[in-house]
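Residue numbers (my numbering), protein chains in the order written: chain U, 1314 to 1622; chain H, 326 to 715. I have placed the structure first, in the form of structure tokens, so that the comments after it can refer back to it.
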Amino acid sequence: MFTYILNRLGMMLVTLWAIVTLTFFLMHAVPGGPFVSERMLAPEIAAALNAKYGLNLPIWEQYLNYLGRILTFDLGPSFKYPGVSINSMIAAGLPVTLQTGLLAVICVVALGVPLGVIAALNRNRWPDTTVMFIATLGVAIPSYVIATVSIYVFALRLGWVPTFGLDDWRGYFLPVFALSGFWISFVSRLTRSSLLETLEQDYMVTARAKGLRKGQILFKHGLRNSLLPVVTVLGPVVANLITGSFVIEQIFALPGIGRQFVLSITNRDYTAIMGITIFYAAILMVMILIVDLLYVWLDPRIKLTKAAA
Amino acid sequence: MTDISPEMWAKVPAAEKVAPIAPPAPTYGQEVRRRLWANKPAVVSIVFIILLVIAAFFGPYFSPHTYYKQDLKLANIPPFFETYAVTDGAGETTRFFLNASNFNLYEVDAEGNMLGLLRGGRKEMIKKSQPYEFGDQTLTLDYSKLPVRLLLEDGSEVRPSGWSWNKTYLFGTDQLGRDILVRQLYGAQISLTVAFVATLVNFFIGVFYGGIAGYMGGKVDAVMMRFVEIISTIPLTLYVVLLMVVFDSGLLSIIVAIGSVFWVDMARIVRGQILSLKSQDYVAAARTMGASPARILTRHLLPNSIGPIIVTLTMLIPSAIFIESFMSFIGLGVTPPLASWGSLTSEAVETLRAYPHQLFFPAAAISLTMFAFNFLGDGLRDALDPRVGR
Chain U
1314 MFTYILNRLG MMLVTLWAIV TLTFFLMHAV PGGPFVSERM LAPEIAAALN
1364 AKYGLNLPIW EQYLNYLGRI LTFDLGPSFK YPGVSINSMI AAGLPVTLQT
1414 GLLAVICVVA LGVPLGVIAA LNRNRWPDTT VMFIATLGVA IPSYVIATVS
1464 IYVFALRLGW VPTFGLDDWR GYFLPVFALS GFWISFVSRL TRSSLLETLE
1514 QDYMVTARAK GLRKGQILFK HGLRNSLLPV VTVLGPVVAN LITGSFVIEQ
1564 IFALPGIGRQ FVLSITNRDY TAIMGITIFY AAILMVMILI VDLLYVWLDP
1614 RIKLTKAAA
Chain H
326 MTDISPEMWA KVPAAEKVAP IAPPAPTYGQ EVRRRLWANK PAVVSIVFII
376 LLVIAAFFGP YFSPHTYYKQ DLKLANIPPF FETYAVTDGA GETTRFFLNA
426 SNFNLYEVDA EGNMLGLLRG GRKEMIKKSQ PYEFGDQTLT LDYSKLPVRL
476 LLEDGSEVRP SGWSWNKTYL FGTDQLGRDI LVRQLYGAQI SLTVAFVATL
526 VNFFIGVFYG GIAGYMGGKV DAVMMRFVEI ISTIPLTLYV VLLMVVFDSG
576 LLSIIVAIGS VFWVDMARIV RGQILSLKSQ DYVAAARTMG ASPARILTRH
626 LLPNSIGPII VTLTMLIPSA IFIESFMSFI GLGVTPPLAS WGSLTSEAVE
676 TLRAYPHQLF FPAAAISLTM FAFNFLGDGL RDALDPRVGR
């Protein structure tokens, strides 16, 4: 177990290094450079700016400097907003992104799994067809369409919730709904098919033959076994919720990291783009590692060392 | 034996010899086709996709409008409206409709064809009203209180005579007065081109990468798959964003960006297939006969794993459409005045409060297309899987 985690952490470091290198050289391949704008700078000022940010050094030296700074968890300064560091940008946006993201994950599990169970237990009856119809809708409709349509209906027409911002607790409804819509549908479909498969297993028949109570059969024998695929998708769910937040935070004007990222893209704030990408990558890898460990804890049949090989 | 008459021993004519017991067993291809045709949603999806492709590539030629021509006088026209009619003293009737979100009157004919913006008199800012002259009649547009009212001189209110569809701009116009229908068709063209080309690129890279990794096995496989693992650790959307930032937005760069990243799933699936197939006897036979690895891979292994490949391909197309629209939505997609479904949606969001119809059409188009490809993918998976009950 311990060596497995060490192994995975080593792998993560390699991946992170690859991402840092990739983003660094990609960003330096961009024609122009950070200080080229419509407003021409005097050559002296440009030279001074380049010297200040270390851009006059040879590229490998800049690369080593950047690597060194990242090792000390310093993502450097923003080129577009003088005096603002990427670290402070992330620190400002993180609480908002984490709150909505966490609520969305809770929604995915708390709504997706029960809906799937209801559908599976009522196979081919109306609860099943209703849930599956909604789930098909949810998988096919992009999150930004869900977001904008729900703003129009619930905020503009019905006025139940504010159109943007999180000042009010009701402001969380729409962003979380739009963010988790796809994955609620996905998880409910997954739960349904996996539970249907489990219900046909021999041990379910045995449990029924033993005369166990219905609830016990369902939760202890059925659900626990059929939830494993759901746990596996939780890693990608977290990953996609984070990228989904680019659009959702933009639409709902939430001051999170996703919006910050989109803003830095439109501003061509290269250091911010690099920094936030690296931060995302790091977070995601930690999340996926946690999910994998959770998986082993839930299903003792899986051996970590085998998975690592 | 002697009681059998000699004619019983006579030869039976050749045609009668074999009595047909069963129709010839259907081939795998026929079986797949039959199962696919029995799947109603999949068939509807195929028809929808074919119609969509035809409309996207030929539709714009049948329209009098272009995707780039702006007419600010006719901006934000809705696709349907309530017509009003005013008859002046000379007996001439003018038909028009009111755009309740920008307080303009537009003249239309009886069929619903747009004739143009009606010019009104000076706006009275304090009373919030604007007079319009129709021959000897004067109509006052009163927007001091919502909903807007249209008053004649004698104080009576003009009532609408009924709903009518906009015949000139079937889907209305956007905030720059461009025809939404044509922009939508161009958008479909771009979204579909991106999706198909990027998927094709993914297909080639993924199939050969996965095929080589799976067939070679050992060290080569380990290194190649480690590389795939590194790529797929962070969400592919992030890579596409990075590449788009570097390449600058445009049709070609978005194809390159999507095409260069999304092959990892395909590579994984192909590798898995090849791994399970390469120990089959016919591969050993081919190797014994001296076939080169390239030949074994392309002639024996890949054709036998075509089922999962096709299913992955149909699932890649909607995700490419989705990524493209996602990129266009956050401003990294095609450059204006070109349109794609994503950029149409994001433009419509700006005017959502006043003109929700601008959002409806691109949103509906993209959702329906995603539906169609999802159903088609599900149908193909069921049809290609021999284990599914027949």
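Glycine included, every Cβ here is placed at the ideal spot set by N, Cα and C. Predicted model, so just to flag it, every value in this text is computed and none were measured.
Which whole-angstrom value is the C-beta distance of residue i and residue j, which I expect to be below 8 Å?
i, j, result
"Thr1328(U)", "Ile555(H)", "5 Å"
"Ala1594(U)", "Ile1332(U)", "5 Å"
"Phe700(H)", "Pro366(H)", "4 Å"
"Ser1313(U)", "Gly1571(U)", "The displayed coordinates of chain U run from 1314 to 1622. Any statement about residue 1313(U) would go beyond what the structure contains."
"Leu464(H)", "Val473(H)", "12 Å between Cβ atoms; not a contact."
"Ala1460(U)", "Ile1564(U)", "5 Å"
"Gln462(H)", "Leu442(H)", "Not confirmed; about 19 Å, so no contact."
Can a CB atom of chain H be found closer than 8 Å to the CB of residue i?
i, result
"Pro1570(U)", "Reading the sequence as shown, one finds Ile at residue 1570(U) and not Pro. It does not: the Cβ of Ile1570(U) has no partner Cβ on chain H nearer than 8 Å."
"Ala1622(U)", "Note that Ala1622(U) scores 36 on pLDDT, short of 50, meaning its location in the model is unreliable; the coordinates nonetheless yield the value given after this. Chain H, which has no Cβ nearer than 8 Å to the Cβ of Ala1622(U), makes this no."
"Arg1339(U)", "The sequence shown places Leu at residue 1339(U), not Arg. So, interface residue."
"Lys1619(U)", "Reliability of the predicted coordinates at Lys1619(U) is poor, the pLDDT of 46 falling under 50, and the value obtained from them is presented with this limitation in mind. No - not a single Cβ of chain H is within 8 Å of the one on Lys1619(U)."
"Pro1455(U)", "yes"
"Leu1388(U)", "no"
"Val1575(U)", "yes"
"Val1560(U)", "yes"
"Thr1316(U)", "no"
"Leu1487(U)", "no"
"Leu1606(U)", "no"
"Leu1602(U)", "no"
"Thr1461(U)", "yes"
"Val1421(U)", "no"
Less than 8 Å between CB atoms is the rule here; does residue i satisfy it with respect to chain U?
i, result
"Thr465(H)", "no"
"Ser696(H)", "At residue 696(H) the sequence reads Phe, which differs from the Ser that was named. Output row for Phe696(H): interface = yes."
"Asn699(H)", "yes"
"Pro681(H)", "yes"
"Val713(H)", "A caution first: Val713(H) carries a pLDDT of 49, below 50, which makes its placement in the model too unreliable to give a value."
"Leu622(H)", "no"
"Leu717(H)", "Since the first residue of chain H shown is 326 and the last is 715, residue 717(H) is not available in this structure."
"Ser692(H)", "yes"
"Val571(H)", "yes"
"Val566(H)", "yes"
"Ile599(H)", "no"
"Leu684(H)", "yes"
"Ala410(H)", "no"
"Ile402(H)", "no"
"Ala776(H)", "There is simply no residue 776(H) to check, as chain H begins at 326 and stops at 715 in what is shown."
"Leu399(H)", "no"
"Leu563(H)", "yes"
"Ile555(H)", "yes"
"Ala523(H)", "no"
"Ala582(H)", "no"
Residue i and residue j: beta carbons closer than 8 Å?
i, j, result
"Gly445(H)", "Tyr457(H)", "yes"
"Leu669(H)", "Pro681(H)", "no"
"Val1550(U)", "Val1418(U)", "yes"
"Gly535(H)", "Ile599(H)", "yes"
"Ala735(H)", "Ala513(H)", "The structure shown does not extend to residue 735(H), since chain H is modelled only from 326 to 715, so the question has no answer here."
"Phe696(H)", "Leu641(H)", "no"
"Cys1420(U)", "Ser1493(U)", "yes"
"Pro1568(U)", "Val1409(U)", "yes"
"Val1444(U)", "Ile1431(U)", "yes"
"His625(H)", "Asp504(H)", "no"
"Thr1413(U)", "Pro1356(U)", "no"
Measuring from the CB of residue i, is there a heavy atom of the ligand FMN at a distance below 7 Å?
i, result
"Ala1585(U)", "You won't find the ligand FMN in this model; it holds no ligand whatsoever."
Residues of chain A with CB closer than 9 Å to the CB of residue i, please, in chain order.
i, result
"Ile1586(U)", "Absent from the structure: chain A. Protein chains present are U and H."
- Query: What are the residues of the region 634–661 of chain H that lie near chain U, defined by any Cβ-Cβ distance shorter than 7 Å?
  - Reply: Phe647, Ser650, Phe651, Phe654, Ile655, Gly656, Leu657
- In the region 394–433 of chain H, which residue ranges form an unbroken beta strand (DSSP E) of at least 3 residues, counting only runs that do not cross its ends? 405–412, 418–424, 429–433
- Task: Starting from the N-terminal side, write out each stretch of the alpha helix (DSSP H) that is 4 residues or longer and does not extend beyond the region 1390–1447 of chain U.
- Result: 1399–1420, 1426–1434
- Message: Going residue by residue through the region 527–555 of chain H, where are the continuous alpha helix (DSSP H) segments of at least 4 residues, counting only ones entirely within it?
- Response: none
- Item | Positions along the region 1392–1412 of chain U whose CB lies within less than 7 Å of some CB in chain H | none
- Which residue spans inside the region 348–400 of chain H form an unbroken alpha helix (DSSP H) run of at least 4? 353–363, 365–383
- Could you list the residues in the region 659–678 of chain H with a C-beta less than 7 Å from some C-beta on chain U, going in chain order? Thr670, Val674, Leu677, Arg678
- What alpha helix (DSSP H) runs, 4 residues minimum, are completely inside the region 1506–1554 of chain U? 1515–1522
- Message: If the cut-off is 8 Å on Cβ atoms, which residues from the region 587–612 of chain H count as contacting chain U, listed in chain order?
- Response: none
- Item | Interface residues of the region 442–455 of chain H facing chain U [CB-CB below 8 Å] | none
- Message: Tell me which residues of the region 1362–1384 of chain U have at least one Cβ-Cβ distance to chain H shorter than 8 Å, keeping chain order.
- Response: none
- For the region 443–468 of chain H, which segments carrying the beta strand (DSSP E) assignment without a break, of at least 3 residues, lie completely within its bounds, in sequence order? 454–459, 462–467
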